[in-house]
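Beneath this line is the structure, given in structure tokens, with notes to follow.
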Amino acid sequence: MTTLKSRLQDDLTAAIKERDELRSATLRMTLASITKEEVAGASARELSDDEVQKVITREAKKRREAAEAFAGGGRTEQAERERAEGEVLADYLPQQLSDEELETLVAEAVEEARAAGAEGPRAMGAVMKIVNPKVGDRAEGGRVAAAVKEHLAQ
1225 MTTLKSRLQD
1235 DLTAAIKERD
1245 ELRSATLRMT
1255 LASITKEEVA
1265 GASARELSDD
1275 EVQKVITREA
1285 KKRREAAEAF
1295 AGGGRTEQAE
1305 RERAEGEVLA
1315 DYLPQQLSDE
1325 ELETLVAEAV
1335 EEARAAGAEG
1345 PRAMGAVMKI
1355 VNPKVGDRAE
1365 GGRVAAAVKE
1375 HLAQ
């Protein structure tokens, strides 16, 4: 068993013992998604820590989107619940880049792409190829793309 998955299971056990309903429900759903991913496909397999982290990232994104949808629909109680679940999942994800750190990485990538001859809005793909490996899982793709568009528009 991977270390991240075993950590999730240990934390679930602790949350159940502490009668922490929010945390236990969130971890149960996440572990169910991991198990579903493990048995998907032709044969069952065990996920690596990176694959488990991708599942957790996907679950956190679902919570963010659901919170926005609930807030937009005037259902603040459900939106708060989704945000709280997202915060539980954030404990298992790498520290996100701050806006300043992201801006710095994007600015460097834009300069690198311009040095290679890419110019204007058409350079988006070239810049994304440079910046994505540097950013990794520390920033959401949409956030990175928005920062790149902003820099290319200047």
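At position 96 of the sequence shown (counting the first as 1) the number is 1320 in our numbering, and the numbers step up by one without a gap.
Quick reminder that beta carbons are idealized off the backbone N, C-alpha and C, glycines included.
Computed from a predicted model, the values in this text were never measured in an experiment.
Where residue i sits in the DSSP three-state scheme
{"i": "A1363", "result": "coil"}
{"i": "S1272", "result": "coil"}
{"i": "G1344", "result": "coil"}
{"i": "S1267", "result": "coil"}
{"i": "S1322", "result": "coil"}
{"i": "L1317", "result": "coil"}
{"i": "D1188", "result": "Lying before the first or after the last residue shown, residue 1188 is absent from the chain, which here runs from 1225 to 1378."}
{"i": "R1305", "result": "helix"}
{"i": "R1299", "result": "coil"}
{"i": "Q1378", "result": "coil"}
Nearest neighbour of residue i, chosen from the options [CA to CA]
{"i": "R1282", "options": "H1375, A1369 and G1365", "result": "G1365"}
{"i": "K1285", "options": "E1262, K1260, V1263 and L1313", "result": "L1313"}
{"i": "L1376", "options": "G1344, G1296 and R1269", "result": "G1344"}
{"i": "A1331", "options": "K1358, R1287 and R1231", "result": "K1358"}
{"i": "T1254", "options": "E1292, G1296, K1278 and D1244", "result": "K1278"}
{"i": "S1173", "options": "A1291, Q1233 and V1372", "result": "Lying outside 1225 to 1378, the shown extent of the chain, residue 1173 is not represented and no answer is given."}
Buried versus exposed, by CB contacts within 10 Å (16 or more), residue i
{"i": "E1309", "result": "buried"}
{"i": "R1346", "result": "exposed"}
{"i": "T1300", "result": "exposed"}
{"i": "D1235", "result": "buried"}
{"i": "A1238", "result": "exposed"}
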